[in-house]
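A.B. asks: All you need for our numbering is the position in the sequence shown, starting with 1, plus 33.
Quick one: the structure is below, questions incoming.
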Amino acid sequence: MSETVKCTAVYPTLAAPDIEETCNWYVDKLGFKIRFLWGDPPTHGAILLGDACVHFWKGASQLNENWLYFDIDNLEAMYQRARENSVAIAREPETYPWGMREFNATDLNGYNIRFGQHMGV
């Protein structure tokens, strides 16, 4: 029998043309924190929202069907923060039959970012 492997985290990694500008956009517009910037100028970086971490590598944005989903505890606060900071809102907050209230926004590189809060269905 093979040994089990435990995974403690998964880090989505997206291409972005300017790592520092991208990380700072998430900090300034949505209240994330920078985990690290690597290189001078940065060619790799990571941001945090609570324990959730997203990495960016230097490259052309690859939009297609890529998007990020953040499961958060206060959707209205995040939505207000996004609005106050002129973040492009792609879909207004809506409550869905599967028990989530969600909204979509678009980041500075054109990626779809979706925030959701469990509503206890």
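Idealized CB from N, CA, C, for every residue including glycine.
(1) What residues are listed by DSSP as bridge partners for Gln150?
(2) With which residues is Ala79 paired in a DSSP beta bridge?
(3) Just to confirm the assignment, what range does the beta strand (DSSP E) spanning Thr128 have?
(4) Over what stretch of residues does the beta strand (DSSP E) that includes Ala49 continue unbroken?
(5) What does a CB cutoff of less than 7 angstroms around Ala138 pick up in its chain, not counting 5 residues either side in sequence?
C.D. replies: Walking through what the data contain:
(1) Numbered from 1 along the sequence shown, position 117 holds the residue referred to as residue 150. In DSSP, Gln150 forms a bridge with Arg134.
(2) Here residue 79 refers to the residue found at position 46 when the sequence shown is read from its first residue. Beta-bridge pairing links Ala79 to Phe69, His88.
(3) Translated into the one-based positions of the sequence shown, residue 128 becomes position 95. Unbroken beta strand (DSSP E) run through Thr128: 121 to 128.
(4) Position 16 of the sequence shown, counted from the start, is the residue given in the question as residue 49. Note, Ala49: beta strand (DSSP E), 46 to 49.
(5) Taking the sequence shown and counting its residues from 1, the one referred to as residue 138 is at position 105. Cβ neighbours of Ala138 beyond the five flanking positions: Ala115, Val120, Ala121, Ile122, Ala123, Ile146.
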